[in-house]
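Enquirer: Heads up: the protein sequence lines correspond to chains Y and W, in order.
Quick note: the first sequence uses our numbering, first residue 1, plus one each step.
Quick note: the second sequence uses our numbering, first residue 1001, plus one each step.
Just so you know, even glycine gets a beta-carbon here, dropped at the ideal spot from N, CA and C.
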Amino acid sequence: MSLASASLGHASRRDGAINADALRAHARREARGLFVLLSPGLFLVFAVIIVPIGWLFWLSLFDETGQLSAANYARFFEQASYIKTFVTTFKVAFTVTGACVLLGYPLAYMLSQLPRRATSICLIFVILPFWTSVLVRTYAWLVILQRKGLVNTWLMDLGVIGQPLPLANNFAGVVIGMTHIMLPFLVLPLYASMKAIDVDCLRAGMNLGASPAATFRQIFFPLSLPGLASGLVIVFVLCLGFFVTPALMGGGKVIMWAMRMEQTTSLYSNWGAGAALGVVLLAVTLALLGLFHWLLGARATGVWSRR
Amino acid sequence: MSMENALPISHRQRLWLYALGGLVMLFLIAPSVIIVIMSFSGSTLLEFPPQEWSLRWYESYFGSIEWRDATVVSVKVAVMTAIVATLLGTAAAYAINARILRLTGLINALLTASLIIPVILIGIGTFFLYARIGLNNTLTGLVIAHTVQALPLVVLTVLSGLRSYDMNQEMVARSLGAGRFSAFFQVTMPQIKFSIVSGALFAFITSFDEVVVSLFISGGETTTLTRRMFNALRDQIDPTIAAISTCLIVLSIVMLSAAQLFGRGR
Chain Y
1 MSLASASLGH ASRRDGAINA DALRAHARRE ARGLFVLLSP GLFLVFAVII VPIGWLFWLS
61 LFDETGQLSA ANYARFFEQA SYIKTFVTTF KVAFTVTGAC VLLGYPLAYM LSQLPRRATS
121 ICLIFVILPF WTSVLVRTYA WLVILQRKGL VNTWLMDLGV IGQPLPLANN FAGVVIGMTH
181 IMLPFLVLPL YASMKAIDVD CLRAGMNLGA SPAATFRQIF FPLSLPGLAS GLVIVFVLCL
241 GFFVTPALMG GGKVIMWAMR MEQTTSLYSN WGAGAALGVV LLAVTLALLG LFHWLLGARA
301 TGVWSRR
Chain W
1001 MSMENALPIS HRQRLWLYAL GGLVMLFLIA PSVIIVIMSF SGSTLLEFPP QEWSLRWYES
1061 YFGSIEWRDA TVVSVKVAVM TAIVATLLGT AAAYAINARI LRLTGLINAL LTASLIIPVI
1121 LIGIGTFFLY ARIGLNNTLT GLVIAHTVQA LPLVVLTVLS GLRSYDMNQE MVARSLGAGR
1181 FSAFFQVTMP QIKFSIVSGA LFAFITSFDE VVVSLFISGG ETTTLTRRMF NALRDQIDPT
1241 IAAISTCLIV LSIVMLSAAQ LFGRGR
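(1) By the three-class DSSP mapping on this structure, what secondary structure does W1053 of chain W have?
(2) In whole angstroms, what separates the C-alpha of E1066 of chain W from that of R32 of chain Y?
(3) Comparing C-alpha positions only, which one of W:N1097, W:G1125, W:S1064 and W:L1135 sits nearest to I49 of chain Y?
(4) Just curious, the alpha helix (DSSP H) that K253 of chain Y is in, first and last residue?
(5) Just verifying my parser: in three-state terms, what is the DSSP assignment at L68 of chain Y?
(6) If you draw a straight line from the C-alpha of W271 of chain Y to the C-alpha of T65 of chain Y, how long is it?
(7) Check this for me: beta carbons of F1194 of chain W and M1255 of chain W, under 8 Å apart or not?
(8) Name, going along the chain, the residues of the stretch 1181-1192 of chain W whose beta-carbon falls closer than 8 Å to a beta-carbon of chain Y.
(9) Just the chain W side, please: which residues come within less than 7 Å of A31 of chain Y by C-beta, in chain order?
(10) On the premise that L238 of chain Y lies in contact with M182 of chain Y, defined as a C-beta separation below 8 Å, what is that separation, rounded to the nearest angstrom?
(11) Determine the direct distance from the alpha carbon of L59 of chain Y to that of Q67 of chain Y, and round the result to whole angstroms.
(12) With DSSP as the reference, please indicate the residues paired to F62 of chain Y in a beta bridge.
(13) What residue ranges within the stretch 177-224 of chain Y form continuous alpha helix (DSSP H) runs of no fewer than 4 residues, ordered along the chain?
(14) Taking three-plus beta-carbon pairs below 8 Å as touching, is the stretch 220-232 of chain Y in contact with the stretch 184-194 of chain Y?
(15) Three Cβ pairs or more, each shorter than 8 Å: is that satisfied between the stretch 1033-1043 of chain W and the stretch 122-141 of chain Y?
(16) Using only the alpha-carbon positions, how far apart do T1157 of chain W and A20 of chain Y sit?
(17) Mind checking the stretch 133-150 of chain Y against chain W and listing, in chain order, the residues whose C-beta falls within less than 8 Å of any C-beta there?
(18) Could you say which of Y:N169, Y:G231, Y:A47 and Y:R147 lies nearest to R1234 of chain W if we only look at CA atoms?
(19) Residue range of the alpha helix (DSSP H) that Y1165 of chain W falls in?
(20) Let's see if you can read the secondary structure: which residues bound the alpha helix (DSSP H) around R117 of chain Y?
(21) Classify S1041 of chain W as helix, strand or coil using the three-state DSSP reduction.
(22) Could you name the residues of the same chain whose beta carbon sits closer than 8 Å to that of L281 of chain Y, not counting the 5 residues immediately before and after it, in chain order?
(23) How would you list, in chain order, the residues of chain Y whose beta-carbon sits under 8 Å from the beta-carbon of D1166 of chain W?
(24) In the DSSP assignment, find the alpha helix (DSSP H) that holds G272 of chain Y and state where it starts and stops.
(25) Considering only the beta carbon of each residue, do L38 of chain Y and A1092 of chain W sit closer than 8 Å?
(26) Would you call the stretch 1241-1254 of chain W in contact with the stretch 1165-1173 of chain W, where contact means no fewer than 3 C-beta pairs closer than 8 Å?
(27) Grab the span of the alpha helix (DSSP H) containing G1123 of chain W for me, first residue to last.
(28) Taking the alpha-carbon of V1077 of chain W as reference, which of W:S1257, W:I1244 and W:T1206 has the nearest alpha-carbon?
(29) V1148 of chain W CB to nearest chain Y CB: under 8 Å?
(30) Nearest to L111 of chain Y by CA position, among W:A1232, W:R1014, W:T1104 and W:I1237, is which residue?
(31) Spell out a yes or no on whether the stretch 1071-1090 of chain W and the stretch 1135-1144 of chain W are touching, meaning 3 or more CB-CB pairs, one atom from each, closer than 8 Å.
(32) So, using beta-carbon positions, are I1122 of chain W and L289 of chain Y closer together than 8 Å?
(33) So, with DSSP's three-state summary, where would you put E78 of chain Y?
(34) Using the beta-carbon count (16 or more within 10 Å), is R116 of chain Y buried or exposed?
(35) If we count Cβ pairs, one from each stretch, closer than 8 Å, do we get three or more for the stretch 1014-1027 of chain W versus the stretch 101-110 of chain Y?
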């Protein structure tokens, strides 16, 4: 178009300029219209999420007397109870993430290998729990794992154990319940990435004489690692801020980060301290997601969040 | 071509894998199945399998004014959330899909913020904000808070529908004289309506199942079902909750099947 207008006379060049102005005005109008469509949603998110979090951050910078201070952050290093909370949180997060990898990898691998029909049936077993209320699933595990619960009754009837095992209201209960809730967050992105592995790569390996085991180890497994990493990061980050299951299954003994935040604000009304906990939690979460993004150049948003 | 045709690995050689995968699937589904069966138990002890069968826990659920009120609150909030989130989310997805706005990175980050930010922080923040503007313990406050959480799901679902739709069709309609709105409602919307309905269903179930934020901002007259369940579970394991849980599981199945059905209609 620029070539054509260059070869034309003076008058038509001016027409072109007017035309361009009109087009630009039209584009601006379009953009304005689209922004109007976008703004109610953006406004809600800004008002309900960004503003309060900024406010809490501001609060966390002042001590109880209203003086600007780092007291709310310093206590994390000084008070043993806070350190214990962080240690517990990371212990739970690592254990649950590890359990999810051990259980989730074989399942995702199986899903990626089955014929299409069988896969879609098996996927129901992952997606249905994923969309079932976290509260319902935690309640189910409470019933199954409690002192006189299903597992203990069966094991005692079978004579495997003489005393009921302490499975609920402790660390083990929290880990089992949370693993059940986090597992789909690992399996779904992992399955998707395994499904995207080019079968020709595997066939080429086998044509060149690799055994099925070697093909898996040397070709399939490395190619599945980005998907695994993505699921792993999501699970770990969700574990750090998880509330419902440890609050109900921890028996008051397993205090995780989010529970501590709830106690500090609801029970003790210490907003500065609670806000500081929240700010650090958010910073750790964003740092982990950012690190993952930087290392793999991919976003850990494989699955929609359900907490 | 499916993989088992390509690679010389027989199903028999994979038996160990199927066994392992099957066990994990059992782990995933067993809790829901056990709760559904137990909810029909006739005894106050949560035994499995139940020795006698009855509907007493369902009677206890539907007969209790407190549980019924909480359910009504949750249904109201979920319906309103589904409507508001679908409207705002569809509008936002449409605007993002046009790709002519600047700062799309920032816009996407804002719209999906509630997926990344720890929900406990959102809960405390919302409570703190609502305390100042008087929205705690109100239906409006619950709907707004749940809408923010459901919005990313609607945006992502509708956006995926728009990606497989040729926007030029709408341009054609507009160049033939249709206004922006009539072009959208007559040309675009009929073709992405399945995504919109799926998004609405996801928004409904997100709101209905939401626990953490509701714990902070609901109470009194507006206590949601999940908040009441959470508080009941803190005290004791009431078998009535098995009946409520079964209803919630059935609701999830219905919603997912509906979304699946609409998805297939595409």
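Expert: Considering the structure as presented:
(1) Strand, per DSSP.
(2) Each residue's alpha carbon lies about 48 Å from the other.
(3) For the residues W:N1097, W:G1125, W:S1064 and W:L1135, the minimum Cα distance to I49 of chain Y belongs to W:G1125.
(4) Here K253 of chain Y belongs to no alpha helix (DSSP H), and DSSP marks it neither H nor E.
(5) Note: L68 of chain Y maps to strand in three-state DSSP.
(6) About 13 Å.
(7) Result no, Cβ atoms of F1194 of chain W and M1255 of chain W do not sit closer than 8 Å.
(8) Taking 8 Å as the Cβ-Cβ cut-off, the stretch 1181-1192 of chain W has no residue approaching chain Y.
(9) Close partners of A31 of chain Y in chain W (Cβ separation under 7 Å): I1100 and L1101.
(10) Right, the Cβ-Cβ distance comes to about 6 Å (below 8 Å), so this counts as a contact.
(11) Cα to Cα, the separation comes out at about 11 Å.
(12) Partner(s): Y:L68.
(13) Whole alpha helix (DSSP H) segments, 4+ residues: 199-207 and 212-215.
(14) Between the stretch 220-232 of chain Y and the stretch 184-194 of chain Y there are three or more C-beta pairs closer than 8 Å, enough to call the two in contact.
(15) With a cut-off of 8 Å, the stretch 122-141 of chain Y and the stretch 1033-1043 of chain W count as touching, because enough Cβ pairs lie within range.
(16) The straight-line gap from Cα to Cα measures roughly 36 Å.
(17) So the list reads S133, V134, L135, V136, R137, T138, Y139, A140, W141, L142, V143, I144, Q146, K148, G149 and L150, given in the order they occur along the chain.
(18) Nearest neighbour of R1234 of chain W by Cα position, chosen from Y:N169, Y:G231, Y:A47 and Y:R147, turns out to be Y:N169.
(19) In the DSSP annotation of this structure, Y1165 of chain W is not part of any alpha helix (DSSP H), being labelled neither H nor E.
(20) Note, R117 of chain Y: alpha helix (DSSP H), R116 to F130.
(21) Judged by DSSP in its simplified three-state form, S1041 of chain W adopts strand.
(22) So the list reads L240, G241, W257, A258 and M261, once near-sequence residues are dropped.
(23) For the C-beta of D1166 of chain W, not a single chain Y residue is nearer than 8 Å; the gap to the nearest is close to 18 Å.
(24) W271 to L296 is the span of the alpha helix (DSSP H), which, as asked, contains G272 of chain Y.
(25) Yes, the pair counts as a contact, with Cβ atoms nearer than the cut-off.
(26) At 8 Å Cβ cutoff, the stretches do not touch.
(27) Annotation: the continuous alpha helix (DSSP H) that includes G1123 of chain W extends over V1119 to I1133.
(28) For V1077 of chain W, the closest C-alpha among the options W:S1257, W:I1244 and W:T1206 is that of W:T1206.
(29) Chain Y, which has a Cβ nearer than 8 Å to the Cβ of V1148 of chain W, makes this yes.
(30) Out of W:A1232, W:R1014, W:T1104 and W:I1237, W:R1014 has the C-alpha closest to the C-alpha of L111 of chain Y.
(31) These segments touch.
(32) No.
(33) Of the three classes helix, strand and coil, the one that applies to E78 of chain Y here is helix, per DSSP.
(34) It is exposed - the Cβ of R116 of chain Y has fewer than 16 other Cβ atoms within 10 Å.
(35) Between the stretch 1014-1027 of chain W and the stretch 101-110 of chain Y, the count of C-beta pairs closer than 8 Å reaches three or more; the two stretches touch.
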